[in-house]
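**Q** Chains as they are written, first to last, in the numbering used here: chain A, 14 to 217; chain B, 10 to 172; chain C, 483 to 837.
In this text, a Cβ means the ideal position worked out from N, Cα and C, and glycines have one as well.
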Amino acid sequence: MEFTSVLFYVFGLSFVASAALMVSARNTMKAAMLLILSFFSAASIWLLLEAEFLAVTLILVYVGAVMVLFLFVIKMLDVDQSTLRAKFTKYLPLGIVVAVIVIAQMALVLSAGQFGLDAVAEPARHAADYSNITELANLLYTAYVYPFELAAVLLLIAIIAAITLVHRKGSRSKKQNIAEQVSVQAKDRMRLVSIPSGKRKESK
Amino acid sequence: MFKKAKKLVKDFGLSEIRAGMKITAKQLVTDKITVQFPEERTPISPRFRGLHALRRYPNGEERCIACKLCEAVCPANAITIESEVSDDGTRRTTQYDIDLFKCIFCGFCEEACPVDAIVETHIFDYAFESREGSIIDKEGLLAIGDENEKAINKARLEDSKYR
Amino acid sequence: MWQAFVDLIHQLIPWFDGGLADVVIILIKGVALILPLIIMMAYMTYAERKVIGYMQLRIGPNRVGPFGLLQPFADVLKMMFKEIIFPSKANIYLFILAPILAFVPAIAIWAVIPMGDGFYITNLDVSLLYVLAIGSVGVYGIILAGWASNSKYPLLGALRSASMLVSYEIVIGFVVVTVVMVSSSVNLNTIVADQSGGIWNWYWIPLFPMMIVFWISALAETNRAPFDVVEGESEIVGGTHVEYSGMCFALFFMAEYINMIMMAVLAVLMFFGGWHSPFEGVPYLESWFAFVPDIVWLLAKMSFFLFLYLWIRATFPRYRYDQIMRLCWKVFLPLTIIWIFAVALMTQLEIGPWF
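#1: Going by DSSP, what residue range makes up the beta strand (DSSP E) through Ser92 of chain B?
#2: Comparing alpha-carbon positions, which option in A:Glu148, A:Met89, A:Gly126 lies nearest Phe66 of chain A?
#3: Using DSSP with H/G/I as helix, E/B as strand and the rest coil, what is Leu90 of chain A?
#4: Would you verify that the beta carbon of Val79 of chain A is, or is not, closer than 7 Å to some beta carbon of chain C?
#5: Checking 7 Å against the spacing of the C-beta atoms, do Ala55 of chain A and Ile72 of chain A come in under that value?
#6: Where does Ala134 of chain A fall in DSSP's three states?
#7: Given that Trp793 of chain C touches chain B, what residues does it touch there, using C-beta distances under 9 Å?
#8: Near Ile144 of chain B, which residues of its chain fall below 6 Å by C-beta distance, leaving aside the five closest residues on each side in sequence?
#9: Mapping the DSSP letters down to three states, classify Asp108 of chain B as helix, strand or coil.
#10: Should Ile146 of chain A be flagged as near chain C, meaning a C-beta pair shorter than 7 Å?
#11: Kindly give me the distance between the Cβ atoms of Thr102 of chain B and Glu91 of chain B, rounded to whole angstroms, as I take these residues to be in contact under 8 Å.
#12: Taking only the alpha-carbon atoms, compute the straight-line gap between Thr527 of chain C and Leu84 of chain A and give it to the nearest angstrom.
#13: My parser needs the alpha helix (DSSP H) runs of 4 or more residues fully inside the stretch 744-827 of chain C; what are they?
#14: Asp776 of chain C and Asp599 of chain C: beta carbons closer than 7 Å?
#15: Lys47 of chain A to Ala630 of chain C, Cα distance in whole Å?
#16: Rounded to the nearest angstrom, how far is the Cβ of Arg64 of chain B from that of Ile161 of chain B, given a contact under 8 Å?
#17: Using the Cβ count rule (16 or more neighbours within 10 Å means buried), how would you classify Met693 of chain C?
#18: Could you confirm whether any beta carbon from chain C is found closer than 7 Å to the beta carbon of Lys88 of chain A?
#19: For a cutoff of 7 Å on Cβ pairs, would you count Arg706 of chain C as touching chain B?
#20: Run through DSSP, which three-state label would Gly680 of chain C get?
#21: With DSSP collapsed to three states, give me the class of Asn129 of chain B.
#22: Give the C-beta separation of Ala584 of chain C and Leu733 of chain C to the nearest angstrom, bearing in mind that I take them to be a contact with Cβ-Cβ under 8 Å.
#23: What does Ile191 of chain A touch in chain C if you count any residue whose Cβ is under 7 Å from its own?
#24: What residue from C:Val724, C:Lys511, C:Leu815 has the CA that sits closest to Asn632 of chain C's CA?
#25: Can you check whether the C-beta of Met692 of chain C is within less than 7 Å of a C-beta belonging to chain B?
#26: I want to verify the contact list: residues of chain A whose CB lies under 8 Å from the CB of Ser727 of chain C, in sequence order.
#27: I'd like to check one pair, Val81 of chain A with Val621 of chain C: are the Cβ atoms closer than 7 Å?
#28: Among the candidates A:Thr102, A:Pro160, A:Ser144, A:Val195, whose CA atom is the shortest distance from the CA of Asp20 of chain B?
#29: Verify whether the separation of the beta carbon atoms of Ser727 of chain C and Ile566 of chain C is less than 7 Å.
#30: Looking at the structure shown, is Ala707 of chain C part of a helix, part of a strand, or coil, going by DSSP?
#31: Just the chain A side, please: which residues come within less than 9 Å of Ala700 of chain C by C-beta, in chain order?
#32: Enumerate, from N- to C-terminal direction, the unbroken alpha helix (DSSP H) stretches of 4 or more residues contained entirely within the stretch 598-663 of chain C.
#33: Do you know how far the Cα of Tyr575 of chain C is from the Cα of Ser838 of chain C?
#34: So with CB distances below 9 Å, who are the chain A contacts of Trp629 of chain C?
#35: To which residues of the same chain is Glu120 of chain B closer than 8 Å at the C-beta, ignoring the five residues directly before and after it?
#36: Less than 7 Å separating the beta-carbons of Leu638 of chain C and Ile718 of chain C?
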């Protein structure tokens, strides 16, 4: 057995185990941590397949950004576990139906013989100086440039939409103009007055 | 407009950050004023009021005559005195305790003493390891006095012209 | 000599088609890198206390050993023998996980950082991205510490510092994009190799504003003053560190300092020519300084940046939190985007020796 196979089984096991534990974890924070572990395991498996750009991007985007925002939401929201659990039985039938459909779909796809080594050839091993990211960039900016640009524009629209949703111009907001605060000088706020000394006006 | 451009240049040129860093860089190389305490000490006024001591006359006789003026004047009730008539017919203390936890180092005992027996020395870096250690008895006070008689004398001499 | 050593290990451990031997070699390399790193980190704390002391007209630690040089070891001993206190309402697993999650990424980044010509643990093709990715994992240490402590101040510190870290990561990402555009590579080895040939070939000239933006963002990324809102002693006592003691606290501390060293090295690699001598191509100076090993240049440049950390800390008061966010989103982000366009223009026009 090659050492990389050992690594594959280790990462695969941690991937499946962390995913299963994530679904069954009661503590939301713990579940989020287990999800991060499963992301890491997936990234490691991709690294074994020489897809280092994809692996690093997975960690950068999902672990570094998306999950952090998730944890923020978990922290900020006061999730009441008991009310969530109270409706568990109410939605159980629907949940079972959805789960059965998903499992059936996956079973159909996976058992169709599309994914075995006989159907898909093992990815070719490349020399050490082979640059994964250069190949990817060549494809993205030539053959797939329109889908790539479209996806970028789509994300931009999403950002602008999100900002417009929260951005309100109204009299109720009491936000500070920090630029003004920062640029304030001593002479804007303070006036030095020289008052002639010695002579005193007689008070009535 | 011109003013705004000038401000922009100033802000993005980090002028105030550079000014601040120049000051700290200057401080980095200036002489340090730290006094390395156990080896070096700052000068102390002759009137400094530190740890207490009981003094003796040059012939070895205790100065204290158990008049209890210090006990009476002490605003913190830190002094406890018991007295008896001694063998030679003079009045002497049998007990002279100072509780350093109570003492506020006001120096009133020193002022009140008619025979300059109780004084406050320049010792300030003392420590005790148990709670009872805060109470110094007569033997302890006399020992401090014997040990520091020279320094006490010198300080009193220096201060005498202002009294 | 290194090759002979590698062959020896391969002979000693013949199982797994040599795969295990490679792992052993990587482990040895890792230990050889981490040990000096930890010592460097320990003396960084000493240097910090000394430099800041001098800037505040004090002397700093001077009791343990000559000039206080053994102070870091005294600190380590103290930390190791201190009790680790667990708050009774804390989530113990996450409470312990937090310092580990802060420390491990700080160490893991060093796997791809080259310290000299061919002097690295792995030559990962996407090493710059790897640094960004693993660096962004460190924020979990702070978030978890704030949440698991079940205490007010840690939560406040974690909230504001986590949002700060995520924001400044974006700025650092954009700065890295400009560097990648100039060198057209995300491999740190290639980026440094592109900067060979004297001080005017280094990237700090075409990317001068980006270098400053990167450095200020690096201060924020490592939670250093004036961006140390996570601790904020005068506001929230000690932030996420409030409930931590002993080795648990020491791990946070070590992670912070190792990240500082990492950021300093990264700045040198990206903008100051890595291990290249500044005198390359200068007639006489080049041959005079030819005997200096390349790692010495790297360490010298790195030391300057580490000194800058301390200098800045001694100079500036803490930023107000909303101003930190303003600086990130309203000043740095537009500036970096403008400079990306400028770099694109410069690349097209092939200005200078950099493109």
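**A** Working from what's here:
#1: Per DSSP, the unbroken beta strand (DSSP E) holding Ser92 of chain B starts and ends at 88-94.
#2: With distances taken between CA atoms, Phe66 of chain A lies nearest to A:Glu148 out of A:Glu148, A:Met89, A:Gly126.
#3: The three-state reading of DSSP puts Leu90 of chain A in coil, since its state is none of H, G, I, E or B.
#4: Interface flag for Val79 of chain A against chain C is unset, since no Cβ pair is found closer than 7 Å.
#5: Not a contact, by the Cβ cut-off of 7 Å.
#6: DSSP places Ala134 of chain A in the coil class of the three-state scheme, outside both helix and strand.
#7: Against Trp793 of chain C, the close residues of chain B are Met30, Thr33, Ala34, Leu37, in the order they occur along the chain (beta-carbon pairs closer than 9 Å).
#8: The residues are Asp106, Asp108.
#9: When secondary structure is reduced to three states using DSSP, Asp108 of chain B falls in the strand class.
#10: Output row for Ile146 of chain A: interface = yes.
#11: Their Cβ separation, rounded to whole angstroms, is 7 Å, which keeps Thr102 of chain B and Glu91 of chain B in contact under 8 Å.
#12: Thr527 of chain C and Leu84 of chain A: Cα-Cα distance of roughly 32 Å.
#13: Here the runs fully enclosed are 765-770, 776-797, 803-808.
#14: Yes. Within cutoff.
#15: Per the sequence shown, the amino acid found at residue 47 of chain A is Leu instead of Lys. Cα to Cα, Leu47 of chain A sits roughly 15 Å from Ala630 of chain C.
#16: Right, the Cβ-Cβ distance comes to about 7 Å (below 8 Å), so this counts as a contact.
#17: Buried is the call here.
#18: Taking Cβ atoms only, chain C reaches closer than 7 Å to Lys88 of chain A, which makes this a yes.
#19: No, Arg706 of chain C does not count as interfacial toward chain B.
#20: DSSP places Gly680 of chain C in coil when its eight states are reduced to three.
#21: The question names Asn, yet the displayed sequence has Glu at residue 129 of chain B. Here DSSP, grouped into helix, strand and coil, assigns Glu129 of chain B to strand.
#22: Between Leu733 of chain C and Ala584 of chain C the Cβ distance is about 6 Å, and since that is below 8 Å, they are a contact.
#23: The contact set of Ile191 of chain A on chain C, defined by CB atoms closer than 7 Å, consists of Asp804, Gln805, Arg808 in chain order.
#24: Considering only alpha carbons, the answer is C:Val724.
#25: Met692 of chain C does not count as touching chain B.
#26: By Cβ distance, chain A contributes nothing, its closest Cβ being about 22 Å from Ser727 of chain C, past 8 Å.
#27: Less than 7 Å separates the beta-carbon of Val621 of chain C from that of Val81 of chain A.
#28: It is A:Val195 whose Cα lies nearest to the Cα of Asp20 of chain B.
#29: Ser727 of chain C places its beta carbon less than 7 Å from that of Ile566 of chain C.
#30: In the three-state DSSP reduction, Ala707 of chain C falls in the coil class, being neither helix nor strand.
#31: Simply none; closest approach about 16 Å.
#32: As for any alpha helix (DSSP H) of minimum length 4 sitting wholly inside the stretch 598-663 of chain C, the runs are 609-619, 621-630, ordered along the chain.
#33: For residue 838 of chain C there is no data in the structure shown, the boundaries of chain C being 483 and 837.
#34: Residues of chain A whose Cβ lies closer than 9 Å to the Cβ of Trp629 of chain C are, in chain order, Met42, Leu84, Ile87, Lys88.
#35: Closer than 8 Å at the Cβ level, and outside the excluded window around Glu120 of chain B, lie Val82.
#36: Annotated as proximal: Leu638 of chain C and Ile718 of chain C, with beta-carbon spacing under 7 Å.
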